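Some notes on the structure that comes next.
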Amino acid sequence: MRLIARRRVQAVRIPEGRRHREDVVALEEPLEIRVNGGRFSVTMRTPGDDFDLVAGFLVSEGVVAAADDLPAMRTVSGIGLDGEPTFNVVDATVTGRGVAAAAERARTLYTTSACGVCGLASIDAVRTASAFPILPVGLTVPEGLVAALPDRLRAGQDLFDATGGVHAAGLFDPDGALVTLREDVGRHNAVDKVVGRALTEGRLPLSRSILQVSGRASFELVQKARMAGIPVLAAVSAPSSLAVELAEEAGITLIGFSRGRSFTIYAHPERITP
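All residue numbers for the sequence shown refer to full-length UniProt numbering, where the first residue is 1 and numbers rise by one.
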């Protein structure tokens, strides 16, 4: 299976005398997600960790909540326009209540690398009830640990170092140790990949985990954290108004502008201790 996440292209550098040079960009290709043989969605993503992506996406959609709900996945190969084999279709076998849930969450449009909820067939479908309610007690996180997470995430961003064009999501344990890190052109895909890995390893709900993401905190990232039972979400940039609203409603501690030694808590600050 091809796992190439970057591609060399020709570019012109200004103002270096309009010198032609070779540059490296992040790969972006469509992934068709099928459930029990039927088309479910298409998303634009960086190839690699596709099974994790599909598993996490199905968690976010409320289709699966445990590894037993997703007994198998397989890649369906094809031939690209250049005659090379492609691996841009994953067929997921879903059992039990997931069969009906998948039918209810049918999508009519594709998902772009910028937006993971744009393809939903109705506005009501954007908010999905989670199988893992987030409890008001449990995980607490020291301020110093929160401040340290962006640098720990950044240290593992090898694809960003090569291309400058991908987002990252990292799951950390209560002691601040990195458990899983994934990169992708879409920040929502990166989150799906870390959640999907947790599903296949039988670690849901992630009630003792902290999710650190590059970029901003959008509504859909908070929703994905909610569906995985993640109580703390931190982003290096700003949250949106809907992200703050949903975090407050879901009981998620939402942190923005997590850079250097400072950050801003937008919802449920009680989990963050001095």
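Heads up, the beta-carbon is just placed ideally off N, CA and C, and yes, glycines get one too.
Just so it is clear, the structure is predicted and the values come from calculations on it, not from any experiment.
Assuming Pro71 contacts Thr93 under a Cβ cut-off of 8 Å, what Cβ separation, rounded to an integer in Å, is found between them?
Here residue 71 refers to the residue found at position 71 of the sequence shown. Here residue 93 refers to the residue found at position 93 of the sequence shown. Indeed they touch by this definition, with Cβ atoms about 6 Å apart.
What runs of the beta strand (DSSP E), each 3 residues or longer, lie entirely inside the stretch 29-91?
List check, beta strand (DSSP E) in window: 29-35, 38-45 and 72-79.
Burial state of Arg105 (16 or more Cβ within 10 Å)
Position 105 of the sequence shown, counted from the first residue, corresponds to residue 105. When all chains shown are included, Arg105 counts as buried.
Could you have a look at Thr108 and say whether DSSP puts it in helix, strand or coil?
Taking the sequence shown and counting its residues from 1, the one referred to as residue 108 is at position 108. With a pLDDT of only 46 at Thr108, under 50, the local geometry of the prediction cannot be trusted, and no value is derived from it.
Short check: CB of Gly196 to CB of Val12, under 9 Å?
What you label residue 196 is simply residue 196 of the sequence shown in a count that begins at 1. What you label residue 12 is simply residue 12 of the sequence shown in a count that begins at 1. No, the Cβ-Cβ distance between Gly196 and Val12 is not below 9 Å.
Ile14 burial status per 10 Å Cβ neighbour count (16 or more: buried):
Here residue 14 is taken as the residue at index 14 of the sequence shown, counted from 1. The residue in question, Ile14, is exposed, as its Cβ has fewer than 16 Cβ neighbours within 10 Å.
Starting from Ser262, trace the beta strand (DSSP E) both ways and give me its first and last residue.
Position 262 of the sequence shown, counted from the first residue, corresponds to residue 262. Segment Ser262 to Ala267, the beta strand (DSSP E) holding Ser262.
Quick check on Asp68: buried or exposed, where buried means 16 or more other Cβ atoms within 10 Å of its Cβ?
As a position in the sequence shown, residue 68 is number 68, starting the count at 1. For Asp68, the number of other beta carbons within 10 angstroms of its own is below 16, and it is reported as exposed.
In three-state terms, what does DSSP make of Gly186?
Here residue 186 refers to the residue found at position 186 when the sequence shown is read from its first residue. If DSSP states are grouped into helix, strand and coil, Gly186 belongs with coil.
Contact check, Gly78 vs Ala131, beta carbons under 9 Å
Residue numbering aside, residue 78 sits at position 78 when the sequence shown is read from its first letter. Residue numbering aside, residue 131 sits at position 131 when the sequence shown is read from its first letter. Result no, Cβ atoms of Gly78 and Ala131 do not sit closer than 9 Å.
If you measure between the beta carbons of Ile272 and Thr140, is that distance less than 9 Å?
Within the sequence shown, the letter at position 272 stands for residue 272. Within the sequence shown, the letter at position 140 stands for residue 140. Yes. Within cutoff.
Does the Cβ-Cβ distance between Val179 and Phe172 come in under 9 Å?
Translated into positions along the sequence shown, residue 179 becomes position 179. Translated into positions along the sequence shown, residue 172 becomes position 172. Yes, the pair counts as a contact, with Cβ atoms nearer than the cut-off.
Beta-carbon proximity list for Arg255, same chain, < 6 Å, skipping 5 on both sides:
Here residue 255 refers to the residue found at position 255 when the sequence shown is read from its first residue. Correcting the residue type first, residue 255 is Ile in the shown sequence and not Arg. Taken in chain order, the residues that qualify are Ala234, Phe263 and Ile265.
Leaving out five residues before and five after Ser237 in sequence, what residues of the same chain have Cβ atoms less than 6 Å from its Cβ?
As a first step, residue 237 is located in the sequence shown; it is residue number 237 there, counting from the start. Answer for Ser237: Gly215 and Arg216, listed in chain order.
By Cβ distance, which residues of its chain are closer than 6 Å to Leu185, with the 5 residues on each side in sequence left out?
Along the sequence shown, one-based indexing puts residue 185 at 185. For the record, residue 185 in the displayed sequence is Val; it is not Leu. Contacts found: Ala26, Glu28, Thr46, Ser113 and Val166.
Could you tell me which residues DSSP pairs with Asp151 in its beta bridges?
By 1-based counting over the sequence shown, the position of residue 151 is 151. Beta-bridge pairing links Asp151 to no other residue.
Gln10 in three-state terms, based on DSSP:
Counted from its first residue, the sequence shown places residue 10 at position 10. In the structure shown, Gln10 sits in a strand (DSSP, three-state: E or B).
Sub-9 Å separation of Asp52 and Phe87 beta-carbons:
As a working note, residue 52 is residue 52 in the sequence shown. As a working note, residue 87 is residue 87 in the sequence shown. Result no, Cβ atoms of Asp52 and Phe87 do not sit closer than 9 Å.
Between Arg261 and Ile252, what straight-line distance do the alpha-carbon atoms span, to the nearest angstrom?
Translated into the one-based positions of the sequence shown, residue 261 becomes position 261. Translated into the one-based positions of the sequence shown, residue 252 becomes position 252. Those two C-alpha atoms are separated by around 21 Å.
Identified DSSP bridge partners for Ala217:
The sequence position of residue 217 within the sequence shown is 217, counting from 1. Per DSSP, Pro239.
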